[in-house]
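Worksheet for the structure shown next.
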Amino acid sequence: MVVFESEEPPEEFDIDDKYEISHVICFPVCAGIDKTTGESVAIKKINGVTSSKTKGRRVFRELQFLREYRNPFIMKLKDVMLPSDRNNFDDIYIVTERMERSLFEFIEDFIQDDMPNRVSNYNLKLIMNQLFRGLQYMHAGGVLHRDIKPDNVLMSGMRVKLCDFGHSRQKADRMTRFIGTLNYSAPEYFFNPGEHHYEYGESADIWALGCLFSNLLHPEQDILLRMDDSEGQECNNLHKIAKIIPVPEYIEVLFSFIPDPGMVLFAVDKLPHTPEKPLREIFDDVEDKSAIDLLEKMLVFNPNKRITIQEALEHDYMKDITVDVLAKELSLDDSEVEQLNNWSPCEYVVDELGSASAEETTQQLYALCLSFKSGDK
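Here it is, written out as structure tokens:
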């Protein structure tokens with residue numbers, strides 16, 4: 001996401017009087033002020049929410065998630081607004097807390113400024129620990145993010161928060177086709193037994209977070225695998241992964257996570273099982289070898305053998321970052337510390353509107369938006 005700032009507020013924004021727009025951050029996101037509290041906020045316009053049933057459902061899911069899932073490391077939703085002409089319901093505005101920049105911008109700054117020291121090891125631990133905890137809270141509630149990447153992490157200082165939950169889904173035995181960012185896609189995304197049924201779970205988010213971790217370890221050396229989203233390129237994409245990640249033997253893959261033996265014969269059996277340049281060689285200049293050990297455990301080809309969130313938080317690389325350390329370094333307030341020390345999974349089940357028609361989806365979305373005005377949030 002390329003972020004720019006313009007002092008001119010957009011004429012297209014039709015928002016409540018309680019908010020004042022100061023400038024454009026990156027259209028359709030503007031910086032604003034809540035005039036009742038003086039608090040800085042971000043206001044995002046979502047166009048065409050009734051233009052298709054798919055988009056309506058996606059926005060409906062995201063709003064439910066943001067309303068119900070509260071965690072210090074997940075973006076906080078403050079308000080939802082409808083345009084003044086509610087007979088022409090097609091746009092909505094969501095108000096969130098204001099953060100300084102995205103993690104993508106943070107990484108780009110290191111590249112453009114040619115900073116020799118990269119991200120300090122301590123700050124890297126702080127960032128990753130927060131992301132692990134935010135993702136742990138999501139997964140405990142049965143929700144997959146499905147689009148973790150630097151653009152979808154916001155920062156203020158060293159405080160980070162997961163955002164953009166438009167692709168997030170409640171976990172199911174058989175998921176719909178993956179629609180996130182291909183360069184952060186786990187190997188299992190490329191094995192599918194059918195057009196609409198893919199088998200993947202929490203470990204796919206771990207892989208994406210591992211790719212993000214590699215970005216932070218080497219901002220100037222992009223090891224991300226440039227995936228091809230063209231039809232029929234699944235095997236080529238798997239070959240790109242195999243260049244740096246060890247591929248398991250045929251029999252292990254067949255009986256572990258791929259539901260289609262034909263895909264194993266066609267793809268995995270033809271892949272090299274020894275990487276051209278393994279991760280330890282790519283990151284041989286990283287002094288803290290426990291960071292590379294954690295990265296290797298996150299970027300494992302077989303999702304059943306990939307490290308879990310809890311195991312990652314207990315890894316040697318993370319052992320110094322406790323809740324007390326986070327509270328001190330990030331200036332967490334008492335309620336946030338309490339949330340981290342005594343958290344429990346969110347039991348709310350996101351309504352997928354699976355059988356709803358386009359008209360019913362629009363009605364449900366409209367009612368959900370109105371609930372924010374009634375205080376039902």
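Heads up, the sequence shown is in the UniProt record's numbering, so the first residue is 1 and it goes up one at a time.
C-beta: ideal position from N, C-alpha, C; glycine also.
A quick note: this is a predicted structure, and the numbers were derived from the prediction, not measured.
Buried or exposed: A208, going by 16 or more other Cβ atoms within 10 Å of its Cβ? buried
Mark H196 as exposed unless 16 or more other C-beta atoms lie within 10 angstroms of its C-beta, in which case mark it buried. Confidence at H196 is low in this model, with a pLDDT of 47, below 50, so the placement of that residue should be treated as unreliable; the coordinate-derived value is given next. Burial check for H196: the Cβ neighbour count within 10 Å stays below 16, so the residue is exposed.
If I measure Cβ to Cβ from Y69 and keep anything under 8 Å in the same chain, skipping five residues before and after, which residues do I get? Y137, M138, G141, V143, C346 and Y348
Thinking C-beta only, is D90 closer than 8 Å to T54? no
With distances taken between CB atoms, is the gap from M75 to L154 smaller than 8 Å? yes
Proximity winner among A242, E97, N183 and S84, relative to T37 (alpha-carbon distances): Cα-wise, what sits closest to T37 is E97.
N- and C-terminal bounds of the beta strand (DSSP E) containing C163: Taken as a continuous stretch (DSSP letters only), C163 belongs to no beta strand (DSSP E), as it is neither H nor E.
Using the rule of at least 16 other Cβ atoms within 10 Å of the residue's Cβ for burial, across every protein chain shown, is N236 buried or exposed? exposed
Quick one: grab the DSSP three-state call for T37. coil
Cutoff 6 Å; reference Q130; Cβ partners in own chain excluding five residues on either side: F73 and V160
Once the 5 residues before and after L340 are set aside, which same chain residues still bring their CB inside 6 Å of it? V323
Outcome for K328 when other beta-carbon atoms lying within 10 angstroms are tallied against a minimum of 16: Label assigned to K328: exposed.
So, helix, strand or coil for A358, using DSSP? helix
Let me know if M1 comes out buried or exposed under the rule of 16 or more other beta-carbons within 10 Å of its beta-carbon. Here M1 scores only 35 on pLDDT, less than 50, and its place in the model should not be relied on; the value that follows carries that caveat. So M1 counts as exposed.
Quick test of your reading: L212 and K149, contact by CB under 8 Å. State the CB separation rounded to the nearest angstrom. 6 Å
Tell me the DSSP secondary structure of L365 in three-state form. Under the three-state reduction of DSSP output, L365 falls in the helix class.
In the DSSP assignment, what residue or residues form a beta bridge with L131? BP columns for L131 are empty, so no partner.
Per DSSP, which residues does E20 bridge with? Please list them. As a beta-bridge residue in DSSP terms, E20 pairs with I33.
Comparing alpha-carbon positions, which option in C369, D288 and A312 lies nearest Y122? D288
Mapping the DSSP letters down to three states, classify T54 as helix, strand or coil. helix
Where does Y93 fall in DSSP's three states? strand
Do you know whose CA, among E336, A31, D151 and S120, lies nearest Y93's CA? A31
Neighbour-count burial assignment, L370, 16 or more Cβ in a 10 Å radius: exposed
Would you list the residues sitting across from K44 in a DSSP beta bridge? V29 and I94.
On a CA-only basis, which of D293, V325 and F301 is nearest E311? Give me that one, please. D293
Quick one: what's got a C-beta closer than 7 Å to V126's C-beta in the same chain, skipping five residues either side? It should be pointed out that residue 126 corresponds to Leu in this sequence rather than to Val. Contacts found: M158, I321 and E329.
May I ask which residues mark the beginning and end of the alpha helix (DSSP H) holding L295? Per DSSP, the unbroken alpha helix (DSSP H) holding L295 starts and ends at K289 to M298.
8 Å contact criterion, which R118 and F110 should meet: CB distance rounded: The C-beta separation of R118 from F110 comes to about 6 Å, placing the pair in contact by the 8 Å criterion.
Quick one: is H273 near chain B, going by C-beta distance under 8 Å? Structure shown: chain B not included; a single protein chain is present.
Using the rule of at least 16 other Cβ atoms within 10 Å of the residue's Cβ for burial, across every protein chain shown, is S335 buried or exposed? exposed
Determine which residues share a DSSP beta bridge with S168 and list them. Beta-bridge pairing links S168 to no other residue.
Whole-angstrom Cβ separation of E314 and R61, contact assumed at under 8 Å? Actually they are not in contact, since the Cβ atoms of E314 and R61 sit about 31 Å apart, beyond 8 Å.
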